[in-house]
Amino acid sequence: MILSFHGATTMTSGLETDITITAQAGYKALELWAEKIDQYLVKNSLADLKALFTDNRVSPLTINSIEFIAFRGSEFFQIERRLHELGKIAQAIGCPTVIIVASPLPDRRLSWGDVKKEYVRVLRSLSGNAREYSLRLAFEFLGFGWCSVRSPRAAAEILREADCDNVGLVLDAAHFYGGGGLLGEIERLDPERIYAFHLNDLEDAPKEAITDAIRIFPGEGVIPLDEICARLKRIHFDGPVSIELFRPEYWDWEPLQVAVRARQSALKVLSPFFEVD
11 MILSFHGATT
21 MTSGLETDIT
31 ITAQAGYKAL
41 ELWAEKIDQY
51 LVKNSLADLK
61 ALFTDNRVSP
71 LTINSIEFIA
81 FRGSEFFQIE
91 RRLHELGKIA
101 QAIGCPTVII
111 VASPLPDRRL
121 SWGDVKKEYV
131 RVLRSLSGNA
141 REYSLRLAFE
151 FLGFGWCSVR
161 SPRAAAEILR
171 EADCDNVGLV
181 LDAAHFYGGG
191 GLLGEIERLD
201 PERIYAFHLN
211 DLEDAPKEAI
221 TDAIRIFPGE
231 GVIPLDEICA
241 RLKRIHFDGP
251 VSIELFRPEY
261 WDWEPLQVAV
271 RARQSALKVL
281 SPFFEVD
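Numbers given in our numbering equal positions in the sequence shown, counted from 1, plus 10.
Below you can see the structure in the form of structure tokens.
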């Protein structure tokens, strides 16, 4: 299992810093925050970015993300355009996966059948675009009450109907917990289609009050990470894991300190279940 750092955990640092501290803290891979790539490329080239990864012996694991891909109507071309932008970048630096994120529910009167129909259409369209760059797409559900896809079961149903061999799932611990996902849902997932596992934890709060800002280091909160990991091991999941925290308090820390602390916390959670690289 590859343990990766995540650019959202040090949101106020630049991409060059993220890559450097990823190497210094002992990770072998980085999940890139897309806006940091945009900022880096204002003054640098894709060749510079590829060299930065090579020189630090860090792999670009995933680009995160294209948000709110469904129910865009006439604005859907913007999603496709962004995918082409990130696809070219991913291809140039050797990054295999881009994350795409579920949208808010536009109308509570929509049936689940209508929601699935929209996502199947969207995923099939984006899947075709991604093939131009030999790219995988990882679809992320969100546990927030306003989201149209909130659980692994819901996301898996959509993926089955879309039937795209280059589109898989993101399993985020905080969204799994906040969206009321059941542990049994994990055991019904295809481990080969889990393209990313976002490891994090949460402060003790009502699920209605959960936000990204109350994420904390893995193993320090209320998410049953041991049980989640046990189920992932049971289905023989051995895919990439990244530590995605989004906590503004951590953004004020020295970046290397955050990366080291995050790795130490993650290893305590993961090591009883997986061999971690």
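Glycine included, every Cβ here is placed at the ideal spot set by N, Cα and C.
| Asked | Found |
| --- | --- |
| Quick one: grab the DSSP three-state call for Pro265. | helix |
| Between Val52 and Ser23, what straight-line distance do the alpha-carbon atoms span, to the nearest angstrom? | 16 Å |
| Which same chain residues, not among the five before or five after Gln88, have their C-beta less than 8 Å away from its C-beta? | Arg82 |
| What residue range does the beta strand (DSSP E) around His16 cover? | 13-16 |
| When the Cα atoms are used, what is the spatial distance from Ala219 to Asp65? | 42 Å |
| Would you check if the distance between the CB atom of Ala35 and the CB atom of Ser14 is smaller than 8 Å? | no |
| I'd like to know if the segment 164-182 and the segment 193-211 are in contact, where contact means that at least 3 CB-CB pairs between them fall below 8 Å. | yes |
| What residues in its chain sit with their C-beta under 8 Å from that of Glu167, if we drop five residues either side in the sequence? | Lys126 |
| Need the endpoints of the alpha helix (DSSP H) that Arg119 sits in, please. | Per DSSP, Arg119 belongs to no alpha helix (DSSP H) and is neither H nor E. |
| What residues in its chain sit with their C-beta under 6 Å from that of Gly153, if we drop five residues either side in the sequence? | Arg160, His185, Gly188, Gly189 |
| Give the DSSP-derived three-state secondary structure of Ile220 in the structure shown. | coil |
| With Trp263 and Met21 assumed to form a contact (beta carbons below 8 Å), what rounded beta-carbon distance in angstroms separates them? | That pair is no contact at about 11 Å. |
| Mapping DSSP to helix, strand and coil, what is Gly194? | helix |
| Where does Glu202 land, buried or exposed, given buried means 16+ other C-beta within 10 angstroms? | exposed |
| Would you kindly work out how many angstroms separate the C-alpha atoms of Ala61 and Pro216, rounded to a whole number? | 45 Å |
| Per DSSP, what are the beta-bridge partners of Ile110 in this structure? | Ile76, Phe149 |
| Is Glu195 a contact residue of the ligand SAM, with contact defined as CB to any heavy atom under 7 Å? | Of the ligands one can find in the structure shown there are none, so the ligand SAM has no counterpart to examine. |
| Within a Cβ cutoff of 6 Å, which residues of the same chain sit near Ala172, ignoring the five residues on either side of it in sequence? | Val130, Leu133, Arg134 |
| How many Å lie between Gly138 and Ser144 at the Cα? | 10 Å |
| Roughly how many angstroms lie between the CA atoms of Ser75 and Thr30, to the nearest whole one? | 21 Å |
| In or out: Val68 buried (at least 16 other Cβ within 10 Å) or exposed? | buried |
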